[in-house]
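See structure below.
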Amino acid sequence: MSLERRDPHDHRGWMKDRDDLTPIETTYLTVLMYLDKRLRIVDYLELLETLYYKVNMQMPKSHTEQYNLDNKFWYWYPLYALGSFSVIAYLVAAVSGALLGFYYSPAATGDPSTAYNSIVFIMTELRFGFFLRSLHRWAAQVMVAAVFLHMLRVYFTGAYKEPREVNWILGIILISLVLLFGYSGYILPWDQLAFWAGQIGVELFLSVPLAGEWIAQLLFGGFSLSQSTLQRMYILHVFFFPFITTALIAIHIGIVWMQGIAEPH
Ligand code: HEM
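Here's what the structure looks like:
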């Protein structure tokens, strides 16, 4: 046998026994050859394969896995699903939020404001608009509750201990982000609730020693509510928080994937 490394992009021989192939296999190989000639995708597929095997070398195996014990009953404890439940609520909020974005406009001008009017339009005229808005609001609130309960589960099963401290700290950042995400959304309807919640936010930051005025200016665009406030909350809500929260959730779950779930003690 030759020890020479075969060129993975040399397609001769891929279809050598064409008669033995099923139509699905022929289609698959034809598409693969077409893409590989143009994008060298075989290299990337090999990279993915290597990654797949690396990922399977999970770091600390749980006691049950290490000793191949049959009792994997605890895998099914319902409270272990709260993290995944948070992800589902997040996805529902993301999709319904993206659809709401087609109809909402972040303008504080006019009386009642354009922003408020766009919410009234969604609630009263848009077909299934009331459903979409309710879905978004409920998904957001369910997510906050689920994340909080997930945190309690992690605490009471001792899953925050070594080697999972990094994920605990990441979790603290995540729950803060989720709350701020909710707060920025609460301001968007620009109704009485939103206005006074905004006012409380400004006062809250103004009470921070030294940096208070600077933070209030940065986040609210001034010390009283205006178009700048609504615009900033809007950009935080639809651009800044989605990117950063999604990235951190991906890292959080990536770490769970590498470390494996902590076993209850
Ligand atoms: C956006 C919010 C969050 C999402 C989507 C999320 C998602 C998840 C998921 C899917 C798991 C797998 C195990 C499970 O579902 O119980 C997990 C595990 C974990 N989470 Fe979260 N989480 C979030 C927030 C938090 C918070 C607030 C904390 C704590 C401060 C935290 C700390 C941890 C730890 C330490 C683990 C490993 C637990 C174990 O190995 O048993 N997470 N997370």
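Everything in the sequence shown is counted per this note's numbering, starting at 64 for the first residue and increasing by one.
All C-beta atoms, glycine included, are put in the ideal place defined by N, C-alpha and C.
Start and end of the alpha helix (DSSP H) containing residue i?
i, result
"Ile324", "Here Ile324 belongs to no alpha helix (DSSP H), and DSSP marks it neither H nor E."
"Arg295", "Gln290 to Ile298"
"Tyr218", "Gly192 to Phe219"
"Glu276", "Gly275 to Phe283"
"Gly164", "From DSSP, Gly164 is part of no alpha helix (DSSP H); its letter is neither H nor E."
"Lys224", "Neither: Lys224 is in no alpha helix (DSSP H) and is coded neither H nor E."
"Asn131", "Careful: Asn131 lies outside any alpha helix (DSSP H) and carries neither H nor E."
"Trp253", "Taken as a continuous stretch (DSSP letters only), Trp253 belongs to no alpha helix (DSSP H), as it is neither H nor E."
"Leu98", "Pro86 to Leu102"
"Ser270", "Careful: Ser270 lies outside any alpha helix (DSSP H) and carries neither H nor E."
"Ala178", "Thr177 to Thr187"
Below 8 Å on the Cβ atoms is my contact criterion, and I expect residue i with residue j to pass it. Report the Cβ-Cβ distance as a whole number of Å.
i, j, result
"Trp253", "Ser176", "5 Å"
"Val150", "Ile314", "With a Cβ gap of about 13 Å, Val150 and Ile314 do not count as contacting."
"Ser181", "Ser168", "5 Å"
"Gly248", "His213", "Contact doesn't hold; Cβ gap of about 20 Å is too wide."
"Trp137", "Glu326", "7 Å"
"Tyr297", "Leu256", "Rounded, the Cβ-Cβ distance is 17 Å, inconsistent with contact."
"Gly261", "Leu243", "No, Gly261 and Leu243 are not in contact; Cβ-Cβ is about 13 Å, not under 8 Å."
(request) Name all residues in chain order for which at least one heavy atom of the ligand HEM lies closer than 5 Å to the residue's CB. (result) Tyr143, Gly146, Ser147, Ser149, Val150, Val210, Met214, Val217, Ala222, Tyr223, Arg227, Asn230, Trp231, Gly234, Ile235, Leu237, Ile238, Ile312, Val319, Ile324 and Ala325
(request) Count the CB pairs spanning the region 219-239 and the region 262-272 that are closer than 8 Å, and state whether there are at least three. (result) no
(message) Is it the case that the region 273-292 contacts the region 184-199, given that we only count it when at least three CB pairs across the two stretches are under 8 Å?
(response) no
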